[in-house]
Amino acid sequence: MVRLLARILIKDYDQTEQPAVRQAYGILCGGIGIAFNILLFAGKFLAGSISRSIAITADAFNNLSDAGSSLLTLIGFKMAGQKPDTEHPFGHGRIEYLTGLLVSLLILLMGFELVKSSFLKILHPEDTECTPLVIIILLISIAVKFYMFLYNRSTGKEIASSAMLATATDSFSDMLSTAVVLAATLIGKFTGLHIDGWCGLLVGIFILYAGFSAAKDT
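Convert by adding 14 to the 1-based position in the sequence shown; the result is the number in the numbering used here.
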């Protein structure tokens, strides 16, 4: 889909070394990321409310923060594409790196909040419900996040963008996080074990690691 939209919306889409083309790719991918993440937030929030699962609800708000990250990426590319001026004779390209760093910090913040919420759920476990709708929503979310990881990584490498590569890392960590949440939901349904909080903790630790790695690269 991204390739098709790029061919339609971006002039000289194959000239990725041109600043204007790089900017257009960043804005396009940022806009797509915002739309996907808002839809995923709505779906997972519904699933979390139905199942009373802290892990699913936390995963939903993780997607909401991802929408904010995509907005930052979009703004960063827009600002980085400005022409040089007297105060910035070499242009504004480094804003893109700052955007990548901000995305990484948002990942770290979400990981910390998820660890805290999961720890409370471990101390005070509750029964969760698993319905076919919840499972379907989580499976769709995993597929969407995998697709987002692929197009962000591919485009990030093509235009040499650290901000987009950081976003790709975030998408991959989200995919694994949701997979763990799905596993916890199914295990809870068939065994009655209260592992929702423990799985949320595991997801939170993984997100913290992903955020740290992305920040270090930036």
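Beta carbons: idealized from backbone N, C-alpha and C, even for Gly.
#1: What residues in its chain sit with their C-beta under 6 Å from that of Asn-76, if we drop five residues either side in the sequence?
#2: Quick check on Leu-207: does DSSP put it in helix, strand or coil?
#3: Report yes if the C-beta distance between Asp-210 and Ile-52 is below 8 Å; otherwise report no.
#4: Go through its chain and collect everything with a Cβ distance to Ile-48's Cβ below 8 Å, but skip five positions before and after it.
#5: For Leu-216, count the other beta carbons within 10 Å of its own beta carbon; 16 or more makes it buried, fewer makes it exposed. Which is it?
#6: By the three-class DSSP mapping on this structure, what secondary structure does Ser-67 have?
#7: Is Gly-105 helix, strand or coil when you go by DSSP?
#8: Could you tell me the alpha carbon to alpha carbon distance between His-59 and Lys-25, rounded to whole angstroms?
#9: Rounded to a whole number of angstroms, what is the C-alpha to C-alpha distance between Arg-36 and Leu-122?
#10: For Lys-159, count neighbouring C-beta atoms within 10 Å of its own C-beta (all shown protein chains included) and say buried if the count is 16 or more, exposed if not.
#11: Out of Phe-55, Ala-174 and Val-117, state which residue places its alpha-carbon closest to the alpha-carbon of Leu-183.
#12: Less than 8 Å between the CB atoms is what I'm expecting for Ala-229 and Cys-213, so what's the real figure, rounded?
#13: In terms of alpha-carbon separation, which member of Leu-222, Val-16 and Met-15 lies closest to Leu-120?
#14: Count the other CB atoms within 10 Å of the CB of Leu-54; is the residue buried (16 or more) or exposed (fewer)?
#15: Do you know whose CA, among Leu-115, Glu-143, Asp-188 and Asn-166, lies nearest Ile-154's CA?
#16: Figure out for me which residue from Ala-177, His-208 and Phe-220 has the closest Cα to the Cα of Arg-66.
#17: On the DSSP letters alone, give me the boundaries of the alpha helix (DSSP H) that Pro-146 sits inside.
Checking against the coordinates, here is how it stands:
#1: Walking along the sequence shown from the start, residue 76 turns up at place 62. Closer than 6 Å at the Cβ level, and outside the excluded window around Asn-76, lie Met-124.
#2: Counting from one through the sequence shown, the residue named residue 207 turns up at place 193. Correct three-state label for Leu-207: coil.
#3: Within the sequence shown, residue 210 is the residue found at index 196, counting from 1. Within the sequence shown, residue 52 is the residue found at index 38, counting from 1. Going by C-beta atoms, Asp-210 is not nearer than 8 Å to Ile-52.
#4: Start at 1 with the first residue of the sequence shown, and residue 48 comes out as number 34. Ala-81, Ser-84, Leu-85 and Leu-88, listed in sequence order.
#5: By one-based count along the sequence shown, residue 216 stands at place 202. Leu-216 should be labelled buried.
#6: Position 53 of the sequence shown, counted from the start, is the residue given in the question as residue 67. In the structure shown, Ser-67 sits in coil (DSSP, three-state: anything other than H, G, I, E or B).
#7: What you label residue 105 is simply residue 91 of the sequence shown in a count that begins at 1. With a pLDDT of 47 at Gly-105, under the threshold of 50, the modelled position of this residue cannot be trusted; read the value that follows with caution. Three-state result, Gly-105: coil.
#8: By one-based count along the sequence shown, residue 59 stands at place 45. By one-based count along the sequence shown, residue 25 stands at place 11. Looking at the sequence provided, one finds Phe at residue 59 rather than His. So the alpha carbons of these two residues sit roughly 38 Å apart.
#9: By one-based count along the sequence shown, residue 36 stands at place 22. By one-based count along the sequence shown, residue 122 stands at place 108. If you take the alpha carbons of Arg-36 and Leu-122, they lie about 27 Å apart.
#10: Counted from its first residue, the sequence shown places residue 159 at position 145. Label assigned to Lys-159: buried.
#11: Along the sequence shown, read from residue 1 onward, the residue named residue 183 stands at position 169. The amino acid at residue 183 is misidentified as Leu; the sequence shows Thr. It is Val-117 whose Cα lies nearest to the Cα of Thr-183.
#12: Here the question's residue 229 lines up with position 215 in the sequence shown. Here the question's residue 213 lines up with position 199 in the sequence shown. No, Ala-229 and Cys-213 are not in contact; Cβ-Cβ is about 25 Å, not under 8 Å.
#13: Along the sequence shown, one-based indexing puts residue 120 at 106. Ranking the options by Cα distance to Leu-120, first place goes to Leu-222.
#14: Here residue 54 corresponds to residue number 40 of the sequence shown, with the count starting at 1. Per the 10 Å Cβ criterion, buried.
#15: Counted from its first residue, the sequence shown places residue 154 at position 140. Answer by Cα proximity: Asp-188.
#16: Numbered from its first residue, the sequence shown carries residue 66 at position 52. The shortest Cα separation from Arg-66 among Ala-177, His-208 and Phe-220 belongs to His-208.
#17: Against the sequence shown, residue 146 aligns to sequence position 132. Here the alpha helix (DSSP H) through Pro-146 covers 146 to 172.
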